[in-house]
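Residue numbering for the sequence shown follows our numbering, starting at 40 and increasing by one per position.
In this text, a Cβ means the ideal position worked out from N, Cα and C, and glycines have one as well.
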Amino acid sequence: MKVSDYIWIVLTIVLFITTFSLQLLLIVFSSLLFVIIGCLSSLYLNHSSVEKDYQIFRSCHSIQMIDSNKEWKEFLDNLNDNPVVHTLPKADVFTGDPLIDDQLNDVLRLAFRDYINSWYAYVSPNQEFTLHLYSIAQMAIKSVTQRLHSMDIVSYMTTKLVDDFASHLRLYRLAQNKLKELKVNDPNANLLSIFFDFEVSMERNICRDLVSEDNESCTDYLSQICDILQYLLLPIDCFKSRTFRSLFRGLVVKSCLYPLLEMLSDPDFINQTIVWLYKSYLVSSDTFINVLRLCDKSEELEAVRQMVCHEIAFLRSKDTGGDDDFEIKQQLSSLLFVKDLIESRLKSINEGSFDSDSNGIPTQIDWNNTKLFSLPFDVVLKNNIGLSYFIEFMSSIGAQGYVYFYLNVEGFKVSAEQQISEAELIKMGKCNANNCVHLDSLKEAAINIYDTYLSEKASHKLKLEETICKNIHSRIMTEKLSENWFDSAHHQVYDIMMNSEQFFAAFKKSNHYVKLLAELDLLKDLNGKQEEDCEPLAKCDDNDSNSISFDDCDSLNSLEDIILTSDNISITSDGSGNSNSTTSGYSTSNTTLHVSEDIEVSAEIIKTGVVREFGNAYAAYVINVTKKTINSPEEKKENF
């Protein structure tokens, strides 16, 4: 002890004596001394009886004193040499579909193997905890499937989910446009803060910025979600146990939900998923060309240009100039077109001569004196790009229910026609009644469509005639399944969207329509300056629904436009090749292809016309193909 400690002890004793007197101090010490002496005397007097009791206990319960370090090391070595294998129960039935049930059981087993057995094996060899937890997880999955069966999935997938996704994209685009405006005066402007500001204004004082940016807030939010799920899905006995709830919540949040969000938000995972999906889906040439024309990032364009140049060099190394290089020349022609398009786009980016904004809308057009290309309503509905912009416009005015109803009825009609025809065939063959389940599901789908859009309590009530709605409900309830149940409402909705001033007419005057034309590459010639890589504007008359005119223009599918320049192959064309705008006509267009000195193939368009089906117009051609050879002078004709 230090000298200062002794000083403090002496000072404490002096203060105690001066405060309570020396007599009280002696009484305290003597009392403590007598207590200690009494305890020791009692133990000494009762020593014989205590020893006798201890001997009796030793005879009944053997006690083995162990060396803690040695025995603990042997226990760990034995556990590592002989790991505990936790066996889980057999696969359970969740949904009744073997494909889904097998995958759910596999996911559950892998989750227990990686996130629970990996650490619990070191805690205890007893499998009671894991088996009980596995059975609870099975019951939770069964509860989820039961609630999904009672949920209106069709309405959620076709309306609410689509609306949420569209609103998110709309907020993101607004934030991007606002960021470009703020970047001029404030270089430190943040996209996330702008996005969440727009979210607050749209969601009415609801903002998710903390959940999205802060990890602790995200964990707390996931914990609250897990508590709600436990209340809805867990058995009552398990939910009453606060210890079990805390343990289960920690496992689900830390081992499942949070890692899942981290994985889904990882850019590498997103890119790998996109590449994996595109392996089974071939991107069309139109889409690829439009992406290149609208891209404003020079790094991405330069990367694509290098890949195209490498592919061109590879194909040219295989071009030997023989007769079998037809496909190589096709690919070279397409790649050279792509290379020229990329270089022209890079030139405009580097020189700062953008002729369009981020949406592809030309910025140097006199909109007051410009007449836009007029797209028919049928074309907008049948084109995926046009339909997406029309849905976005209808959502902005709160009338997206008309489009969703039209699309749902279209899908119902196709499915009903197919299922009814299959049911008739099976009925004629006296097969099993499995098709009845499909017919019942179609009737449920029809009821869902009616409840969503036509009933009095519909969430997206359409303004249609009450007699039509009542007639449809009566037919659904009393008649057999028919694809014509919704025809009257379907036609009325079509007429409302096409003829109403606030719908399609307003759409053609909105910015969404201009963006649609820009994405379809129909705004390039509005100033009278035609570009090399763009097609001339076709003409279409909305007022005359029975006539279609065709102009000589390049195809949007530029990768498939082939320009052959070879000495061994020559193409000559005769005739005007103009098509009549009436429903039928004749033409004298004739094309001759000299494949080689021995073979000559000619094709002649002998008849043209317009075919209408389900309100859509299609151009039809009758072509006469003739093949001549030296060895076989006879002509072989085929009509297509």
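Let me check one thing: in DSSP terms, what residues is residue i bridge-paired to?
| i | result |
| --- | --- |
| V183 | For V183, which the question treats as bridged, DSSP gives no partner whatsoever. |
How close, in whole Å, do the beta carbons of residue i and residue j come, if the pair is a contact with beta carbons under 8 Å?
| i | j | result |
| --- | --- | --- |
| F235 | D248 | 4 Å |
| V132 | D140 | 6 Å |
| P274 | M346 | About 57 Å separates the two Cβ atoms, so there is no contact after all. |
| I381 | V343 | 6 Å |
| Y445 | V532 | 5 Å |
| A484 | I515 | Not quite, the Cβ-Cβ distance comes to about 11 Å (not below 8 Å), so this is no contact. |
| E522 | K452 | 5 Å |
| R355 | L371 | 7 Å |
| K378 | C348 | 7 Å |
| S527 | N510 | 7 Å |
| I175 | C277 | 6 Å |
| L64 | I76 | No, L64 and I76 are not in contact; Cβ-Cβ is about 19 Å, not under 8 Å. |
| T169 | Y159 | 6 Å |
By the three-class DSSP mapping on this structure, what secondary structure does residue i have?
| i | result |
| --- | --- |
| Y443 | helix |
| S641 | strand |
| N85 | coil |
| K666 | strand |
| C277 | helix |
| R28 | Not covered by the structure: residue 28. The range shown for the chain is 40 to 679. |
| H530 | helix |
| E570 | Annotation note: pLDDT 41 at E570 (below 50); position unreliable, no value reported. |
| W47 | helix |
| K547 | coil |
| T627 | For T627, the predicted structure reports a pLDDT of 46, less than 50, and the residue's modelled location is therefore unreliable. A value from the coordinates is still provided. Residue state, collapsed to three classes: coil. |
| Q263 | helix |
| I76 | helix |
| Q541 | coil |
| K578 | Bear in mind that a pLDDT of 36 at K578, under 50, signals an unreliable position, so the number given afterwards is only what the model happens to contain. Residue state, collapsed to three classes: coil. |
| R243 | coil |
| F412 | coil |
| G289 | helix |
| S319 | coil |
| L138 | helix |
| G425 | helix |
| N227 | coil |
| V53 | helix |
| V132 | coil |
| L208 | helix |
| V453 | helix |
| K502 | coil |
| N310 | helix |
| A497 | coil |
| L143 | helix |
| E220 | helix |
| V162 | coil |
If you measure between the beta carbons of residue i and residue j, is that distance less than 7 Å?
| i | j | result |
| --- | --- | --- |
| C257 | V291 | no |
| T491 | S194 | yes |
| A214 | I245 | no |
| L520 | K482 | yes |
| F543 | Y552 | no |
| G440 | L503 | no |
| R384 | L340 | yes |
| N663 | E643 | yes |
| S262 | R288 | yes |
| F237 | L210 | yes |
| F416 | M537 | yes |
| L296 | S182 | no |
| I488 | N447 | yes |
| S294 | Y154 | yes |
| F412 | L555 | no |
| I424 | E255 | no |
| A38 | S434 | Absent from the structure is residue 38, since the part of the chain shown begins at 40 and ends at 679. |
| V419 | F429 | yes |
>> For a minimum of 4 consecutive residues, which ranges assigned as the alpha helix (DSSP H) are wholly contained in the stretch 322 to 395?
In response: 324 to 333, 337 to 357, 365 to 390
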